[in-house]
Amino acid sequence: MTARILFQLLVFPGLLFTVVLGLLVGWIDRKLSARVQFRVGPPLLQNFNDFFKLLGKETIIVKEAIKSVFVIAPLAAFAVLTILATIIGTALFYQEGYGGDLFVVMYLIMTLTVMVFLGSSSTGNVYSSIGAGREIKLLLADELAFILVLFIPIIKSGYQFRLDQILAVQQSSGPFIGSASGIIAFIIGILCIQAKMTLAPFHIPEAETEIVDGTFMEYSGPLLGFWKLNHYMMFVIFPFLLIVLFLGGFNLQGWGLLWAILKYLLIVVVMVIIKNTNPRIRIDTALSFFWKYASPLAFIGVILAVLGV
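Under the numbering used here, think of the first position of the sequence shown as 3, with each following residue one higher.
Structure (structure tokens):
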């Protein structure tokens, strides 16, 4: 049993699988973004080259930084993402879960933002501090809508809180995206994921042309490499979560494997297209959007789910 748990955590669907797939999907992100902008884009293994190159660079820690927090934050975020990948992937590929694992997923996703906030605010740099403030404000903006989105599959599955049980209900009665409340939740869920990954139009904490990469400005070497790796791992974890909650999971038998790949790539492509077709918005605009529009719409979705619609 211990060997099986370690395999799931460190190999599949946890650490190794998520890292490799994340770096490959990161290439799709960069390549598709380049095509949208009439550029060629990088070669297939460019993200691997970039990550290993950063591992060989020097880590520079500024004098004013809180060194322990500065170093621990990206590594803690990496550990959190590994656990997230294991929990979601175990439900998706093995149809296994445990009581309340969806609540653990909600908590860990929020912890990722806290790690970014702690890391950037520990640098002693004014631009990083501004980015840290924007990061936590963005969490306050999108968290309510995101929680309401997660409540909808809970309600539609008969108030199940385990990911594998939510999957089982969809496999027996159809994916939740086939309902009005499911469609609302799925659309708002993608927008919340854009914000949690700080993808355009919600890349407000980084804002390269405004606050010089903000949250990650003072990071270099291996620590910067882990922040970038964390970002690519999110390209695996968040789409998988949407597939578990709304698209009925994967069927890897026969043509089901092709359909599983298409479902995953469809979500990734939608995220990349949104990223490349929208300008960055201000933090007050993001707050207004999520609190005035996304959250009320998600609440309507919750009501529809209670009514069975």
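Backbone N, C-alpha and C fix where the C-beta goes; we use that ideal spot for every residue, glycine too.
Within this structure, are the beta carbons of V118 and E137 separated by less than 8 Å?
yes
Whole alpha helix (DSSP H) elements within the segment 8-35, 4-residue minimum:
none
What do you reckon, are the CB atoms on L57 and W29 nearer than 8 Å?
no
With Q167 as the anchor, note down where its alpha helix (DSSP H) starts and where it stops.
L165 to S175
Using three-state DSSP, classify Y129 as helix, strand or coil.
helix
So is T211 buried or exposed if we call it buried at 16+ other beta carbons inside 10 Å?
exposed
Cβ-based burial, E220 [other Cβ within 10 Å; buried from 16]
buried
Alpha helix (DSSP H) containing M273: first to last residue?
G258 to N278
Is V27 near V270, with beta carbons less than 8 Å apart?
yes
Figure out for me which residue from E145, N278 and G310 has the closest Cα to the Cα of L34.
N278
Closer than 6 Å by C-beta to F240: which residues in its own chain qualify, once you throw out the five before and the five after it? Chain order, please.
I195
Cα-Cα separation between G160 and V171, rounded to whole angstroms
9 Å
Alpha carbon of F178 to alpha carbon of M199, nearest angstrom
24 Å
Which term fits F188, buried or exposed, when burial requires 16 or more other beta carbons within 10 angstroms of its beta carbon?
buried
Near G91, which residues of its chain fall below 8 Å by C-beta distance, leaving aside the five closest residues on each side in sequence?
Q10, F14, P15, G16, F19, T20 and F242
For N232, name the three-state secondary structure that DSSP assigns.
helix
First and last residue of the uninterrupted alpha helix (DSSP H) at V106
D103 to S123
Rounded to the nearest angstrom, what separates S297 and L150 at their Cα positions?
7 Å
Candidates F228, Y295 and G256: which alpha carbon is nearest F80's?
F228
Hey, quick one: how far does the alpha helix (DSSP H) through Y221 stretch, first residue to last?
It is not in any alpha helix (DSSP H) - Y221 carries neither H nor E in the DSSP assignment.
Alpha carbon to alpha carbon, how far is P76 from L249? Give it in angstroms, no decimals.
31 Å
I think P207 touches L140, with their Cβ atoms under 8 Å apart; what is that distance to the nearest whole Å?
6 Å
Please go through the same chain and pick out, in chain order, the residues whose beta-carbon is closer than 7 Å to the beta-carbon of I213, but skip the five residues on each side of it.
Y129, I132 and G133
Do G126 and E66 count as a contact pair if the criterion is CB distance below 8 Å?
yes
Taking only the alpha-carbon atoms, compute the straight-line gap between I275 and L114 and give it to the nearest angstrom.
24 Å
Report the option in K158, I245, L8 and K230 whose CA atom is closest to the CA atom of L192.
The displayed chain sequence assigns Ile, not Leu, to residue 192. For the residues K158, I245, L8 and K230, the minimum Cα distance to I192 belongs to I245.
Taking the alpha-carbon of L306 as reference, which of A197, V71, P155 and D52 has the nearest alpha-carbon?
P155
Determine the contact status of A93 and D166, defining contact as a CB-CB distance below 8 Å.
yes
What does the alpha-carbon distance come out to for the pair H181 and L152?
Per the sequence shown, residue 181 should be read as Ser rather than His. Rounded to the nearest angstrom, the two C-alpha atoms are 15 Å apart.
Secondary structure of F240, DSSP reduced to three states:
helix
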